[in-house]
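Each residue of the sequence shown is one higher than the last, beginning at 8 in the working numbering.
All C-beta atoms in this analysis are idealised placements derived from N, C-alpha and C, irrespective of residue type, glycine included.
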Amino acid sequence: MGWGIVDADGSRLTHVANGQCKSRAADSLADRLLSLHGQLSEIIETFRPDTASVEQTFVNKSGTATLKLGQARAICLLVPAQFGLTVAEYAPNEVKKVVVGVGHAQKGQVDHMVRLQLAGVEIVGPDAADALAIALCHAHQARFAGKLEAAVARARGAA
Numbered sequence: 008m009g010w011g012i013v014d015a016d017g018s019r020l021t022h023v024a025n026g027q028c029k030s031r032a033a034d035s036l037a038d039r040l041l042s043l044h045g046q047l048s049e050i051i052e053t054f055r056p057d058t059a060s061v062e063q064t065f066v067n068k069s070g071t072a073t074l075k076l077g078q079a080r081a082i083c084l085l086v087p088a089q090f091g092l093t094v095a096e097y098a099p100n101e102v103k104k105v106v107v108g109v110g111h112a113q114k115g116q117v118d119h120m121v122r123l124q125l126a127g128v129e130i131v132g133p134d135a136a137d138a139l140a141i142a143l144c145h146a147h148q149a150r151f152a153g154k155l156e157a158a159v160a161r162a163r164g165a166a
């Protein structure tokens, strides 16, 4: 599973870190989930993000694979919540639309646009590129939400 952290200062986005959480396929599911929990906790303790974002689950052809993905995703929601962070969720097509401009973009296009928006970044792998795309989507959405809230506040003050 990939992870990525960006810093948003107004419209300026800066890469902080990215990586991949790894587990051993030979381990039990419980041990793999515990490992994921520990790795994510360490990342949050190290980088102290203000918020978190997670990709929404999609359904695979295999029910078993979908269930395992859902269990791992639950850890991804739980760990930031344990640290008091708000967690936003984004559909894959929404992330692609925000980062690439097309909701059905290919992985390579997402990777390319992440590299363009975070010039000079060394991305650990495809999963980390996806995680950075989710972080970029969240930063853009938060910036838009801030502008919307400000506009509503101005409109209320003018009324």
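Given this structure, state the Cα-to-Cα distance separating GLN113 from ALA32, to the nearest angstrom.
27 Å
In whole angstroms, what separates the C-alpha of LEU84 from that of VAL61?
7 Å
Give me the Cα-Cα distance between TYR129 and SER18, rounded to the nearest whole angstrom.
What sits at residue 129 in the sequence shown is Glu, not Tyr. Answer to the nearest angstrom: the Cα atoms are 21 Å apart.
Starting from GLN46, follow the alpha helix (DSSP H) in both directions and report where the run begins and ends.
36–54
4-residue-minimum alpha helix (DSSP H) runs that sit fully inside the stretch 93–139, ordered along the chain
99–106 and 114–124
Alpha carbons only, please: which of LYS103, ALA37 and ALA15 is nearest the one belonging to PRO56?
ALA15
Can you tell which of ILE12, HIS145 and GLY108 has its C-alpha closest to the C-alpha of LEU47?
ILE12
Take LEU155 and list the residues in its own chain whose beta-carbon comes closer than 7 Å to its own, dropping the five residues that flank it on each side.
Here LEU155 scores only 49 on pLDDT, less than 50, and its place in the model is too uncertain to base an answer on.
Span separating the alpha-carbon of GLY70 from that of ALA79:
14 Å
In whole angstroms, what is the alpha-carbon distance linking ILE141 and GLY164?
34 Å
With 16 as the cutoff for other CB atoms within 10 Å, does VAL121 come out buried or exposed?
buried
Find the nearest neighbour of THR53 within the set ASP38, LYS68, LEU43 and ALA24, judged by alpha-carbon distance.
ALA24
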